[in-house]
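The sequence shown begins at 14 in our numbering and counts up one residue at a time.
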Amino acid sequence: MSTLLQTLLIETLPSDTDLILQAFIQTILPAMEREFGLISAMGGSEEIHYQTLIKQGDRYAKENAQRWAVKPDQSLLVHVLNGLLTAWNLSTYLPKHLQLQEVEKRLLCLGLTLHDYNKYVRGQGEEQPPPKAHEIAAIINLCQELGEKLNFQEFWQEWQDYLLEIAYLAQNTQFNVDSNPILSNWENDNRQFTIDDRRLNDILRHLLAFGDVAVHIGDPADITTTTKGDRLRDHLDWLNISKKLVYHRLRDCRGLITNQIHNAVVNFARRLGWEPILYFAQGAIYLTPNESVTPDLADIQAAVWQSLIRGDEENNQPGLAQYFQSGDVGFVRDGKGMKIAPQTLELFTPADLIRLLPSVVQIKVANVKAPATPKRLEKLQLTDAQKTFLSQGSDIRADRLAELIILAQREFFEDCQGYIPWILSALELQTEISPEQTQVQSGGVNYGWYQVAAHYIAAHATLDEQQIADFLEGLSDRLATWAEQNNLLQESSSPTYEAFINYLAQYLEVSPSNHQQTEFENELNSYSHAKVNNQPICSLSSGDSDAEDQLDTVVLFKPQQYSNKNALGGGRIKRGISKIWSLEMLMRQAFWTGASGKLEEQQPVFLYIFPAYVYSPQVAVAVRRLVKELKRVNLWEVHKKWLDAGMHHSGLQTLQWRDENEVEAGRYGDSHSNKDLPFMAMTYTTTRGKTNTDAWVTPSFLALALPILLGVKIVATSSPSPLYASDQEFVESVKIDGTAGFWNLLGINPNLRLQDLSPALERLLVAYSIHLEFRSSPPDARWQAFNGTARDLVTDVLNVFAIANEGFRENKREPSQEDVKRIWKYAQLWIKGNITMSEKLQLIEKLVKEYRQFYQVSVGESSHAVLLPISKALEVILTVPEQIQRADIILQAAGQLHDALERQEAYKRPFIMDKSVEFSTRKAQELMAIHTFMTTCVDELFLGLYKGDRALLQENRNRIKSGAEFAYRWLALQEKQTEKTSSKGEK
14 MSTLLQTLLI ETLPSDTDLI LQAFIQTILP AMEREFGLIS AMGGSEEIHY
64 QTLIKQGDRY AKENAQRWAV KPDQSLLVHV LNGLLTAWNL STYLPKHLQL
114 QEVEKRLLCL GLTLHDYNKY VRGQGEEQPP PKAHEIAAII NLCQELGEKL
164 NFQEFWQEWQ DYLLEIAYLA QNTQFNVDSN PILSNWENDN RQFTIDDRRL
214 NDILRHLLAF GDVAVHIGDP ADITTTTKGD RLRDHLDWLN ISKKLVYHRL
264 RDCRGLITNQ IHNAVVNFAR RLGWEPILYF AQGAIYLTPN ESVTPDLADI
314 QAAVWQSLIR GDEENNQPGL AQYFQSGDVG FVRDGKGMKI APQTLELFTP
364 ADLIRLLPSV VQIKVANVKA PATPKRLEKL QLTDAQKTFL SQGSDIRADR
414 LAELIILAQR EFFEDCQGYI PWILSALELQ TEISPEQTQV QSGGVNYGWY
464 QVAAHYIAAH ATLDEQQIAD FLEGLSDRLA TWAEQNNLLQ ESSSPTYEAF
514 INYLAQYLEV SPSNHQQTEF ENELNSYSHA KVNNQPICSL SSGDSDAEDQ
564 LDTVVLFKPQ QYSNKNALGG GRIKRGISKI WSLEMLMRQA FWTGASGKLE
614 EQQPVFLYIF PAYVYSPQVA VAVRRLVKEL KRVNLWEVHK KWLDAGMHHS
664 GLQTLQWRDE NEVEAGRYGD SHSNKDLPFM AMTYTTTRGK TNTDAWVTPS
714 FLALALPILL GVKIVATSSP SPLYASDQEF VESVKIDGTA GFWNLLGINP
764 NLRLQDLSPA LERLLVAYSI HLEFRSSPPD ARWQAFNGTA RDLVTDVLNV
814 FAIANEGFRE NKREPSQEDV KRIWKYAQLW IKGNITMSEK LQLIEKLVKE
864 YRQFYQVSVG ESSHAVLLPI SKALEVILTV PEQIQRADII LQAAGQLHDA
914 LERQEAYKRP FIMDKSVEFS TRKAQELMAI HTFMTTCVDE LFLGLYKGDR
964 ALLQENRNRI KSGAEFAYRW LALQEKQTEK TSSKGEK
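Structure follows, in structure tokens:
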């Protein structure tokens, strides 16, 4: 079964991709995901680094752990994968005489795969530190061991013949003091290099080094502000690649609009011959011809605005105009007719809007079964003959024609004397209806134009809907042309356009820099002025002081939230929205098909997906494909896949993340799917439930699972605004902001480093699984009750068994062997890292082992029969007077338990059934075992665990019995399996 990342890469690689690279992804990538996925290449948990370094005897363990942990997280998997793909992409730019041969391509893949073997060794937590640069034999042996783990054999059958070259490249990828590039140090009588050392040192090493340096870059501007750029340029010179490095960077992150800006800049740059080789949350780095010059900022701004509004047909990227034309955004309709949102008037010229109206009217005016025209005509004083004639045209066709005419007049020709005669003339009704009749109004509704529309439709009754649609298009086009020729339309001014151009001037930079310095002082003055004069201030970004009131047609959430919180004695606080955020909200309405003002009711949780430092182009396309197709996650299915994989996160690889079931190589490789790339990808979840818990169960899972499966970084929050502009602004792999109460109850840190992901996901899925199995009512998961489940689990590990028993009783069935195995494993996973809970479970297991020595019944017996010894012990401890001494409690309880056993069948008493021993000896052995059991009950359970507090013991009585029952079933199952194994061995 293919992994998620592997599937995405296979399906998005172009069909002409080199077969060697395809083979690498097919054979080695899954093994890399298994071995490298949770090992830190950069960043990581300081505590885990420290413990590993102490174990390996590092004298500077604390300093090194701190130095590594201050860097943002990046897993060894994405470090190697992006580095390899970057080096591979760069190799295609080599001069013809330096192009790689087949063997060299394979060495490139394997050498870069192993180049950070030292991080792998440290990540395993082994006591033996990684070999030093001079320990050649140890390096070769380690590379061979890793090659076997990583499936090198299936990728390249002759790989061991080139083991020396692979180890040499792995050790010498980095041109630093830890390298050992002297060839004579590597060769001896038993091992010799098989390829030309000049190819090895002058080409392969520099390709690997370029890829390795590239994936250490966290910001596009690093190529000019740090030495990394100098090192990359040095490698280009060594490789005789006559190109230079440039970048674009947008120092802000809003979501869809900033992604659209990035893609527009990339497409603009491609037309200049710039080729993007690295993608970041904030921009991209390009290889460009040496003679290329930085384009003028005004040209970039114009291209970006055009792409935002009109889209990019060449790259199959839709613009806002497409969604406005379909009526998805920018227009609303109420009982008084259609209206145009203010932002729509700013984004399009009046002539463009007039030509846009027919398609919008066709979609928005859809009340076919209850057209408005008949009701409107009833308000007019008409003769019977007129009524009879007009009834032939009183349908949806008349509604559409009337609303188009009314909307155009209200928005563009309200003061135009020639509009009414022109419309009547265009409809050839100037002799039938007077201009005065067209303006009959009542209650803000124009009834006269409905008479005009009905008259026209009645006179052309044979027109079908398509013919009417064509007629409206022609009418609007002629109207716009007439208005333009006679200068009847007001000059369009667009504050939104001006704000957007200023935004680009402030935040967008293209290297060599054409960036204009931020005018902070003006911004601060504008903000202060808005505060003093009670002007609207953007509630989404305090830095954008030029704001307007939030409109229902724009924001996806409820506008004017918390507007009742005003200063005492002051005026109303105006919560506004900036022009840029208005554009962002319109784009979310369009691309997410979210109704304005309605999304908040579905309690959305936003997932902002950042690259871990950098994406190679191939990985960026793969992530884009998943984000575009990510379907609603079924947590029942997650539970099943996780169990099928033995409660390991690898089972999530087989989850149906997308609609496609079968992997098809190159499915999207040659389509436009590699154009609209995610710099910071974003998606969101919604819920049909009513509680905060319902809203957070799915995004909590996704926030932990996707970084493990794809190597990305995720911020999950209910805020529509990203909390960070770049992955470099936070070091963790996952940040959870404002989650539901269950997250804190489960004790999971909201800020998780790479090594914390697997334990956190495991803990979350254990809790989810217990809840789904025993406290749900399929198909209703009853997530609103999950806080209670989480609270019970963190209170006491024995509640795992109590909750399970509760579920079995409700379903009126006994646990099967598989149930026992699964629930016992839940408990084992749950107590990881918790010493108190571990000791409690071990004590319960110890008690059951002790009483199984003298009392055993079939697991098919009732709970009362299974728990007889522990029940009797608890009963005596809880009922004896408080002044009774410890030794007396033990003896009294042992005596009562022995009396209870005397009333049981002999086959339930193992000592008594052992006929190989004298009866008196058997009785003595049984009494000794009972005394030992009761001593443990009193000393360790009552006096130890519960501090001699009978009230506390009574409160936990049922939990103890539930735990003991499952421990009994578990031990009986283990004993049975041991007997089967022994009998097979004897045969």
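Each residue gets a CB set at the ideal place from its N, CA and C atoms; glycine is no exception.
When the Cα of residue i is compared with those of the options, which residue comes out closest?
{"i": "Ser-524", "options": "Pro-144, Thr-994, Tyr-299", "result": "Tyr-299"}
{"i": "Ile-353", "options": "Glu-511, Leu-403, Ala-840, Phe-425", "result": "Phe-425"}
{"i": "Leu-1", "options": "Arg-346, Ala-919, Val-634", "result": "Any question about residue 1 goes unanswered here, given that the chain covers just 14 to 1000."}
{"i": "Lys-262", "options": "Phe-932, Arg-135, Phe-619, Gly-296", "result": "The sequence shown places Arg at residue 262, not Lys. Looking at the Cα atoms, Gly-296 is the closest of the given residues."}
{"i": "His-911", "options": "Arg-119, Thr-945, Ile-727, Val-930", "result": "Thr-945"}
{"i": "Arg-671", "options": "Gly-659, Trp-655, Arg-638", "result": "Arg-638"}
{"i": "Leu-107", "options": "Ile-254, Thr-40, Met-14", "result": "Ile-254"}
{"i": "Thr-396", "options": "Glu-449, Lys-377, Gln-464, Glu-427", "result": "Gln-464"}
{"i": "Asp-309", "options": "Thr-706, Ala-694, Leu-521", "result": "Leu-521"}
{"i": "Gly-976", "options": "Ala-398, Leu-860, Ser-929, Ser-53", "result": "Leu-860"}
{"i": "Asp-832", "options": "Val-93, Thr-362, Ile-816", "result": "Ile-816"}
{"i": "Val-381", "options": "Arg-410, Asp-477, Pro-371", "result": "Arg-410"}
{"i": "Thr-509", "options": "Leu-596, Asn-276, Thr-704, Thr-696", "result": "Leu-596"}
{"i": "Ser-447", "options": "Ala-364, Gly-456, Trp-462", "result": "Trp-462"}
{"i": "Leu-155", "options": "Gln-166, Glu-171, Gln-184, Gln-170", "result": "Gln-184"}
{"i": "Ser-3", "options": "Thr-706, Gln-631, Thr-752, Leu-880", "result": "Lying outside 14 to 1000, the shown extent of the chain, residue 3 is not represented and no answer is given."}
Span of the alpha helix (DSSP H) holding residue i?
{"i": "Glu-288", "result": "Run containing Glu-288: none in the alpha helix (DSSP H); it sits in the beta strand (DSSP E), 288-292."}
{"i": "Leu-656", "result": "648-657"}
{"i": "Asp-482", "result": "For the record, residue 482 in the displayed sequence is Ala; it is not Asp. Residues 478-498."}
{"i": "Val-465", "result": "461-472"}
{"i": "Glu-852", "result": "848-865"}
{"i": "Leu-121", "result": "115-126"}
{"i": "Val-807", "result": "799-808"}
{"i": "Val-134", "result": "130-136"}
{"i": "Val-381", "result": "Counting along the chain, Val-381 falls outside any alpha helix (DSSP H), and DSSP gives it neither H nor E."}
{"i": "His-154", "result": "This sequence places Asn at residue 154; His is not what is there. Residues 149-162."}
{"i": "Gln-631", "result": "630-642"}
Rounded to the nearest angstrom, how far is the Cβ of residue i from that of residue j, given a contact under 8 Å?
{"i": "Glu-863", "j": "Ala-942", "result": "7 Å"}
{"i": "Leu-717", "j": "Ala-773", "result": "6 Å"}
{"i": "Ile-33", "j": "Arg-119", "result": "6 Å"}
{"i": "Trp-199", "j": "Leu-182", "result": "Between Leu-182 and Trp-199 the Cβ distance is about 11 Å, and since that is not below 8 Å, they are no contact."}
{"i": "Asp-86", "j": "Arg-766", "result": "6 Å"}
{"i": "Thr-105", "j": "Met-45", "result": "About 23 Å; that fails the 8 Å criterion."}
{"i": "Lys-377", "j": "Arg-346", "result": "5 Å"}
I'd like to confirm something about residue i: is its beta-carbon nearer than 7 Å to some heavy atom of the ligand NAP, or not?
{"i": "Val-523", "result": "What this structure holds is no ligand at all, so the ligand NAP is not there to describe."}
The beta strand (DSSP E) spanning residue i covers which residue range?
{"i": "Arg-822", "result": "Counting along the chain, Arg-822 falls outside any beta strand (DSSP E), though it belongs to the alpha helix (DSSP H) covering 812-824."}
{"i": "Ala-694", "result": "694-698"}
{"i": "Ser-53", "result": "53-55"}
{"i": "Ile-622", "result": "618-623"}
{"i": "Leu-414", "result": "Careful: Leu-414 lies outside any beta strand (DSSP E), inside the alpha helix (DSSP H) at 409-425."}
{"i": "Glu-522", "result": "521-523"}
task = Starting from the N-terminal side, write out each stretch of the beta strand (DSSP E) that is 3 residues or longer and does not extend beyond the segment 885-914.
result = none
query = Touch check for the segment 717-730 and the segment 654-673: three-plus C-beta pairs under 8 Å?
reply = yes
Uninterrupted beta strand (DSSP E) stretches inside the segment 710-775 (no shorter than 3 residues) = 726-730, 747-750
request  = Would you list, in sequence order, the uninterrupted alpha helix (DSSP H) runs of no fewer than 4 residues that lie entirely inside the segment 65-99?
outcome  = 74-82
message = Count Cβ pairs between the segment 90-106 and the segment 72-79 that sit closer than 8 Å; are there 3 or more?
response = no
query = If you scan the segment 310-378 from start to end, which runs of the alpha helix (DSSP H) of 4 or more residues do you find wholly inside it?
reply = 310-323, 333-338, 355-360, 363-377
inquiry  = Closer than 8 Å is the cut-off here; do at least three beta carbon pairs connect the segment 274-284 with the segment 477-495?
reply    = no
request  = Run through the segment 229-316 for me and flag every whole beta strand (DSSP E) of 3 or more residues, listed as ranges in chain order.
outcome  = 256-263, 288-292, 296-302
query = Does the segment 890-898 touch the segment 962-976, meaning 3 or more C-beta pairs lie closer than 8 Å?
reply = yes
inquiry  = As an exercise, report each continuous beta strand (DSSP E) stretch of at least 3 residues that is fully enclosed by the segment 24-61, in chain order.
reply    = 53-55
Contact the segment 219-231 vs the segment 478-485: 3+ CB pairs below 8 Å = no
task = Report yes or no: do three or more beta-carbon pairs, one from the segment 489-504 and one from the segment 355-368, lie closer than 8 Å?
result = yes
inquiry  = Across the segment 928-942 and the segment 850-859, are there enough close Cβ pairs to call them in contact, namely three or more that are closer than 8 Å?
reply    = no
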